[in-house]
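Below: the structure, in structure tokens.
Set out below in structure tokens:
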């Protein structure tokens, strides 16, 4: 019996050592996916393929890394070519097939620049090539202009992704936008999906004078909590502020992205969009983020979509998805400030919580 227990202890220790080594060595590959298997890092398409007018924008992050982005202009005559683009997936991980995890974020900004034929547009900032169909539809439904950023290590941007570096990248994009003369710098809304939500929350917290509102979609509470899900045998030893274990391995995680700790410090209005069939981030994470934010911020709204998965909530949500965003923008980033009455009369159609 003693021999069996000893062998069991050695086995458990071996598993812990292997898990720790995997966590230390492979964590960036689990969090950041600059190149999907089977795809080239270079952009397969550009906005021109969907007949969208755009310009290439090159930025420098605070640490000197060169970044690439697209600025896509909306106009009343620019509806884009209807073309569904391929939606890549990642090979099975722990027996589950995931859509691309942790895609980079979006900035939504209201603009009324002289170059625009429709003078009441929001503008977005999103990562790049495989998001163009989403962007095209967003421009149609919300009449918005779009700024698409490639993080360091993604697309044509230089460098390697890290939490500190990507925070620099998002700040560089925002700083570029507020310096432009062809957009309204008083109405910026940050939109982030998955990892983009974590980045967007940090950006909104750090820039309360530049960002007017925040939209989070299918975002996790922290990478620490996600590590516990993806590596179940380490769950007791790793986790965010909501976990109950000893968290002995938290110190080895280089990109914790603790959204749950950040979202409670965001003062701007926040819209939470949650797909209840999310196969990557448990929907409970979004509810925990909302509950944390609403403690100190009464301008939070929560909308869930019963059929929404991690990357297709915008498709499965249909008109209700776009209407939720439009009502939120009309209320918190309006072109005309007196819209409270119309917002309250329409809000019941979307079933907001908050």
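Numbering (the numbering used here), first residue to last: 11 to 364. No residue lacks a Cβ here, since even glycine has one placed at the ideal position from N, Cα and C. Computed from a predicted model, the values in this text were never measured in an experiment.
Worksheet entry | Contacts around residue 304, its chain only, beta-carbon distance under 7 Å, and the 5 residues preceding and following it disregarded | As a first step, residue 304 must be located in the chain shown, where it is residue number 294. Excluding residues within five positions, the ones whose Cβ falls inside 7 Å are 310 and 364.
Worksheet item: Measuring CB to CB, does residue 251 end up less than 7 Å from residue 270?
Response: Working through the chain shown from its first residue, we reach residue 251 at position 241. Working through the chain shown from its first residue, we reach residue 270 at position 260. Their beta carbons are under 7 Å apart, which means residue 251 touches residue 270 by this criterion.
Practice prompt. Could you tell me which of 266, 231 and 219 sits nearest to residue 301, measuring between CA atoms?
Written response: Counted from its first residue, the chain shown places residue 301 at position 291. It is 231.
Worksheet item: So residue 76 is in the alpha helix (DSSP H); what residue range does that whole segment cover?
Response: Within the chain shown, residue 76 is the residue found at index 66, counting from 1. Premise fails: residue 76 lies in the beta strand (DSSP E), 76-82, not in any alpha helix (DSSP H).
Worksheet entry | Limits of the unbroken alpha helix (DSSP H) element including residue 333 | In the chain shown, residue 333 corresponds to position 323, counting from 1. Segment 328-342, the alpha helix (DSSP H) holding residue 333.
Item to complete: With DSSP as the reference, please indicate the residues paired to residue 285 in a beta bridge.
Response: Start at 1 with the first residue of the chain shown, and residue 285 comes out as number 275. In DSSP, residue 285 forms a bridge with 315.
Worksheet item: Which value, in whole angstroms, describes the spacing of the CA atoms of residue 286 and residue 13?
Response: As a working mapping, residue 286 is identified with position 276 in the chain shown. As a working mapping, residue 13 is identified with position 3 in the chain shown. Rounded to whole angstroms, residue 286 to residue 13 spans 47 Å at the Cα level.
Worksheet entry | Stretch pair the region 329-339 + the region 146-163: three plus CB contacts closer than 8 Å | yes
Worksheet item: Taking the beta strand (DSSP E) that residue 165 falls in, what are its first and last residues?
Response: To locate residue 165, count along the chain shown from 1; it is residue 155. Premise fails: residue 165 is in no beta strand (DSSP E) and is neither H nor E.
Fill in: Coarse secondary structure for residue 201, derived from DSSP in three states
Translated into the one-based positions of the chain shown, residue 201 becomes position 191. Three-state DSSP puts residue 201 in a strand.
Discussion item. If you reduce the DSSP assignment to three classes, tell me which class residue 66 lands in.
Written reply: Start at 1 with the first residue of the chain shown, and residue 66 comes out as number 56. Of the three classes helix, strand and coil, the one that applies to residue 66 here is strand, per DSSP.
Worksheet item: Hey, quick one: how far does the alpha helix (DSSP H) through residue 143 stretch, first residue to last?
Response: As a working note, residue 143 is residue 133 in the chain shown. Its alpha helix (DSSP H) spans residues 142-152.
Fill in: Proximity winner among 218, 234, 214 and 219, relative to residue 226 (alpha-carbon distances)
Position 216 of the chain shown holds residue 226. When only C-alpha atoms are compared, the closest one is 214.
Discussion item. Going by C-alpha to C-alpha distance, which of 237, 202, 186 and 291 sits closest to residue 66?
Written reply: In the chain shown, counting from the first residue as 1, residue 66 sits at position 56. Per the Cα distances, 186.
Worksheet item: Which partner residues does residue 223 have in the DSSP bridge list?
Response: The count along the chain shown starts at 1 and reaches residue 223 at position 213. Answer is 199, bridged to residue 223.
Discussion item. Considering Cα atoms alone, identify which of 284, 52, 297 and 312 is closest to residue 167.
Written reply: If you number the chain shown from 1, residue 167 lands on position 157. The shortest Cα separation from residue 167 among 284, 52, 297 and 312 belongs to 52.
Item to complete: Would you grab the beta carbon distance between residue 41 and residue 233 for me? Rounded to a whole angstrom, and I think it's under 8 Å.
Response: Here residue 41 is taken as the residue at index 31 of the chain shown, counted from 1. Here residue 233 is taken as the residue at index 223 of the chain shown, counted from 1. Indeed, because the Cβ distance is near 6 Å, the residues count as touching under 8 Å.
Item to complete: Kindly indicate the opening and closing residues of the alpha helix (DSSP H) around residue 296.
Response: As a working note, residue 296 is residue 286 in the chain shown. Here the alpha helix (DSSP H) through residue 296 covers 293-304.
Item to complete: Can you check DSSP and say which residues form a bridge with residue 217?
Response: In the chain shown, counting from the first residue as 1, residue 217 sits at position 207. Looking at the DSSP assignment, residue 217 forms no beta bridge with any residue, so it has no partner.
Practice prompt. Go through its chain and collect everything with a Cβ distance to residue 195's Cβ below 6 Å, but skip five positions before and after it.
Written response: For the purposes of this step, residue 195 is taken as residue 185 along the chain shown, with counting starting at 1. So the qualifying residues of the chain are 188.
Discussion item. Just to confirm before moving on: does the CB-CB distance between residue 298 and residue 282 stay below 7 Å?
Written reply: Reading the chain shown from its first residue, position 288 is the one you call residue 298. Reading the chain shown from its first residue, position 272 is the one you call residue 282. No.
Worksheet item: Given residue 238, which residues of its chain have a CB within under 6 Å of its CB, disregarding the five upstream and five downstream residues?
Response: Walking along the chain shown from the start, residue 238 turns up at place 228. Hits under 6 Å: 245, 248 and 249.
Worksheet item: In whole angstroms, what is the alpha-carbon distance linking residue 262 and residue 192?
Response: For the purposes of this step, residue 262 is identified with residue 252 of the chain shown, where counting begins at 1. For the purposes of this step, residue 192 is identified with residue 182 of the chain shown, where counting begins at 1. Taking the straight line joining both Cα atoms gives about 44 Å.
Worksheet item: Can you name the start and end residues of the alpha helix (DSSP H) that residue 174 belongs to?
Response: Along the chain shown, read from residue 1 onward, the residue named residue 174 stands at position 164. Residues 173-189.
Discussion item. By alpha-carbon positions, which one of 288, 279, 313 and 322 ends up nearest to residue 341?
Written reply: Translated into positions along the chain shown, residue 341 becomes position 331. The residue with the shortest Cα to Cα distance from residue 341 is 279.
Worksheet item: Between which two residues does the alpha helix (DSSP H) harbouring residue 240 extend?
Response: As a first step, residue 240 must be located in the chain shown, where it is residue number 230. Residues 233-240.
Item to complete: Give the DSSP-derived three-state secondary structure of residue 156 in the structure shown.
Response: In the chain shown, residue 156 corresponds to position 146, counting from 1. In this structure, residue 156 counts as strand in the three-state DSSP scheme.
Worksheet item: Among 184, 274 and 257, which residue has its Cα nearest to the Cα of residue 235?
Response: To locate residue 235, count along the chain shown from 1; it is residue 225. The option with the nearest alpha carbon to residue 235 is 257.
Worksheet item: By Cβ distance below 7 Å, which residues in the same chain neighbour residue 327 in space, the five residues on each side in sequence not counted?
Response: Start at 1 with the first residue of the chain shown, and residue 327 comes out as number 317. The answer, listed in chain order, is 315 and 318.
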